[in-house]
Structures are given as C-alpha cells and as structure tokens.
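What follows is a short report on a single structure.
Residue numbers (the working numbering), protein chains in the order written: chain A, 18 to 129; chain B, 5 to 118.
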C-alpha cells in the first residue's frame, strides 16, 4: 500500500530564500507524481506533474524532481515570496488506478 | 482558462438528511474524480468516472453514490448524513490521453452537518 510523507511539516522563512520541500513514497512503481498548492480553506492548485519516466519538471520559479529508486520527490522554490505562503501537497498515482494518494503537506510561511 | 466548477460552494445539512454535490469538469475533459478532505487531513479519494462509467473506487461509504452524466458533469449523492461527513469535497477532472492524466481540482464544496 502506497504511503506518502512530507518533510518538514511546517517551514517559516524570510523572503528571498531558496526552499526545498521533500516528499517520500513507499511504492516506487508510480505512474506520476503531482505537486499542489492549497491556500487555507481553498481548493488545490496543480503546480507540476512529473511522469514516471521523467526526472524533473520546471515552471517559473518552481522545479520538481523525481527519483523513483529512492522513493523521493523534491519541490524547489527559488527566491521565495510572501505570496508563496500556503500548504504544499505532493500526491502519487500508481498504475491501474485513478487514485491520488496525498502526503500530509508542508505548511510554508514566507515573511517579508 | 475554464476551470472545474462545483456547486454549491457551501452546504449546511442536519443529521440524517441528504445532500447532492455537483461538479462540472473542464470542457473536453472526460474523467471526473471525487475526493473528501476532513479538517486538518489530506484529501481522500472517493470515486472516479470515465465516459459515464465508474472507473475506480476508493473509501466511499455505502451511503454515498455518484454518477456521471452525458454532458460529463457528475453528482455526488450523500444520504443519512452523519456529523463525520462534515468536510471539504473536491471534484477533479482530466482528459484521457492528455497531460499524463493531470488532475485539475475545483474549489470544493464545504459540507457542514449539524
């Protein structure tokens, strides 16, 4: 059974720092992995999707990497801004299922 | 760009009542997914539909049922509501064969059972 964990659970940093959020999964036979952003009480915004054959994806200041052999994905945020403050969730999807299994998230606060 | 639409956005019901949540996927998306997110928890998969047929099933209570209609919108029907059903319910959509089935989420319906 796939389990997804995220470290750290919370992070508070000053504006301008480069950040790394970690996501670990137990079953390396994943189909894809998505990173989401969730503002308090709001919906999930898809940030990046990495398919199983890829090693990384980039969108603006965001870069996500995937290492299936070690069961890890990282989300790198460059030059953080207060507007980046939110909870970041990773979610894995295995073959032959529609289900996304979510991690418990990293709550990020970027202060001016 | 058009996003997933969910209605209503907020719903308050009493125990043992029924509720119907609606989801309108992104245009040309053919797959719909339902998730439940309890307070302080991560989203849990309930059920999915592709081309109006149930595609996958997760931890959906027997009191809940769902379907996808010919226009691809979906409805989640919840009966005999319990206090523990209070949660944020998300619908997501994707298009078969496009973007590695990236799931795009709607804003959610917040259900409160009193």
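Note that CB positions come from ideal geometry on N, CA and C, so glycine has one too.
Since the structure is predicted, the reported quantities are computational estimates derived from the model, not experimental observations.
- Interface residue (Cβ-Cβ distance to chain A less than 7 Å): residue 43 of chain B is not classified as such.
- For residue 30 of chain A, the CB contacts under 8 Å within the same chain, skipping 5 residues up- and downstream, are 36, 97, 125, 126, 127, 128 in chain order.
- Within chain B, the residues 49, 60, 62 have their CB atoms less than 7 Å from the CB of residue 116 of chain A, given in chain order.
- Using a 10 angstroms sphere on the CB of residue 57 of chain B, the tally of other CB atoms stays under 16, which defines it as exposed.
- In the three-state reduction of the DSSP assignment, residue 60 of chain B falls in the strand class.
- Rounded to whole angstroms, residue 6 of chain B and residue 73 of chain B show a C-alpha spacing of 19 Å.
- Collapsing the DSSP output to three states places residue 84 of chain A in a strand.
- Think of a sphere of 7 Å around the beta carbon of residue 106 of chain A: the chain B residues whose beta carbon falls inside it are 46, in chain order.
- The Cβ atoms of residue 89 of chain A and residue 48 of chain A do not sit closer than 7 Å to each other.
- Listed as beta-bridge partners of residue 79 of chain B by DSSP are B:26, B:71.
- For residue 105 of chain B, the secondary structure class from DSSP, reduced to helix, strand or coil, is helix.
- When A:40, A:45, A:73, A:59 are compared, the shortest CA-CA separation from residue 121 of chain A is found for A:40.
- In the DSSP assignment, residue 31 of chain A falls within the beta strand (DSSP E) that extends over 27–31.
- Listed along chain B are 46, each with a C-beta nearer than 8 Å to that of residue 120 of chain A.
- The region 9–24 of chain B and the region 77–91 of chain B touch, with three or more beta-carbon pairs separated by less than 8 Å.
- Those residues of the region 83–108 of chain B placed with their C-beta closer than 9 Å to a C-beta in chain A are 92, 94, 96, 98, 103, 104, 105, 106, 107, 108, ordered along the chain.
- Listed along the chain, the chain A residues whose CB falls inside 9 Å of the CB of residue 65 of chain B amount to none; the nearest CB is some 16 Å away.
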